[in-house]
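Below: one structure, written as structure tokens.
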Amino acid sequence: MTTAQHKIGSGFGPRSSADDVLDGIDLTGKLAIVTGGYSGLGLETTRALTRAGARVVVPARRRPVAEEAVAALDGVEVDELDLGDLDSVRAFAERFLASDRTIDILIDNAGIMACPETRVGPGWEAQFATNHLGHFALVNRLWPALAPGGARVVSVSSAGHHYSDIRWDDPHWRQGYDKWQAYGQAKTANVLFAVQLDALGKDSGVRAFSLHPGGILTPLQRHLPKEEMVERGWIDENGTPLNPAGFKTPEQGAATQVWAATSPQLSGMGGVYCEDCDISDPAPADGERIGVRDYAVDPASAARLWTLSAELTGVNAFA
């Protein structure tokens, strides 16, 4: 497969922080939307963007919790959004569009991981629905507000995309459920979404990127029992993170999405998957979970997923 997936030598790396990649970048006058921007990586992303001068809108399922988390930050506003509820997505988008503001940065950061089998909406599997379909509907509804000639949409995926391609015959896991493969499918969908959005939006100057933020212990792990995290070597019996697991700090974990959203090094580029503050290479043939799998950046699959997502959500800004 011919792909733009190769490192560009950004000068940053796995231990770079969000503030590092924003050094010298002035976001005064820019507006960003960061879903889930009040917890974990999202909160660090919000903090970094505001320190660089941006105004940030944080759509949140738990609005009181979000308001408390960002209370000390200047230039942040909180609104209500439940990505698992398409009516909530529509209502948020309508409120935002009514404000007649332009979006410079849209970071699809919120998500759930490895949760017990859960159904939302019309029986959709919750990880696919929340991580992908909710963001798909949100971006399409907000399309009129994305700044032509300069906006960036950043889809936060994960190395978890290595677990599964799209299950085209059963995307909602009605024939048996595996929480990690379902998570993998949702994260593959996040990558494919950026591929197709970039293809559709680049003529308007709107570019899209996806990324793996790295391993970070955040509230994303809330559905995992302690015993499973111990077994995976993430923490010890006392809940202390284990250094061999190679976890990043939240500030380091937020860096790649901030870099993708703002770096001038990516000018004129898009549709690529990033990790460690650089474009990633294709995944090696030995199956190691680094880089990006071919199926996650396949243009035909990206177009197919876009069509499926538009049919499921009833939203398509490009129809």
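According to this note's numbering, the residues represented by the sequence shown are 6 to 324, in order. Even for Gly, the Cβ is constructed at its ideal location relative to N, Cα and C.
- Straight-line measurement puts the Cα of Glu72 at about 11 Å from the Cα of Glu85.
- Under the rule that a run must span 4 or more residues, the alpha helix (DSSP H) segments found entirely inside the stretch 161-230 read 184-206.
- Per DSSP, reduced to three states, the secondary structure at Glu85 is strand.
- Each residue's CA atom was taken as its position, placing Gly292 and Gly220 some 18 Å apart.
- When secondary structure is reduced to three states using DSSP, Pro19 falls in the coil class, being assigned neither helix nor strand.
- If you ignore the 5 residues before and after Ala191, its C-beta comes within less than 6 Å of the C-beta of Gln132, Phe133, Asn136 and His137, all in its own chain and listed in chain order.
- Judged by DSSP in its simplified three-state form, Val39 adopts strand.
- Every beta strand (DSSP E) of 3 residues or more that sits fully in the stretch 27-80 is shown, in chain order, as 36-39 and 60-65.
- Per DSSP, the beta-bridge partners of Ile108 are Leu151.
- When the Cα atoms are used, Arg146 and Arg60 turn out to be separated by approximately 20 Å.
- Ranked by Cα distance from Leu202, the first of Val75, Thr123, Leu151 and Gln270 is Leu151.
- In this structure Ala288 is in contact with His167, their Cβ atoms being roughly 7 Å apart against a cut-off of 8 Å.
- For Glu316, the uninterrupted alpha helix (DSSP H) run begins and ends at Pro304 to Thr318, by DSSP.
- Under the Cβ criterion (8 Å, minimum of three pairs), the stretch 12-23 counts as touching the stretch 268-283.
- Bounds of the alpha helix (DSSP H) holding Glu256 are Pro255 to Gly258.
- Contact annotation, Ser268 with Ser215: C-beta distance approximately 15 Å; criterion of less than 8 Å not satisfied.
- In the DSSP assignment, Glu99 falls within the alpha helix (DSSP H) that extends over Leu91 to Ala103.
- With contacts defined as CB atoms closer than 8 Å, Leu88 and Val81 fail to qualify as a contacting pair.
- Assignment of beta-bridge partners to Ile284 by DSSP yields Cys279.
- A direct Cα-to-Cα measurement between Ala23 and Phe17 gives close to 10 Å.
- Taking all protein chains shown into account, Glu99 has fewer than 16 neighbouring C-beta atoms within 10 Å of its C-beta and is therefore exposed.
- Burial check for Ser306: the Cβ neighbour count within 10 Å reaches 16 or more, so the residue is buried.
- 8 Å or more divides the Cβ of Thr33 from the Cβ of Ile112.
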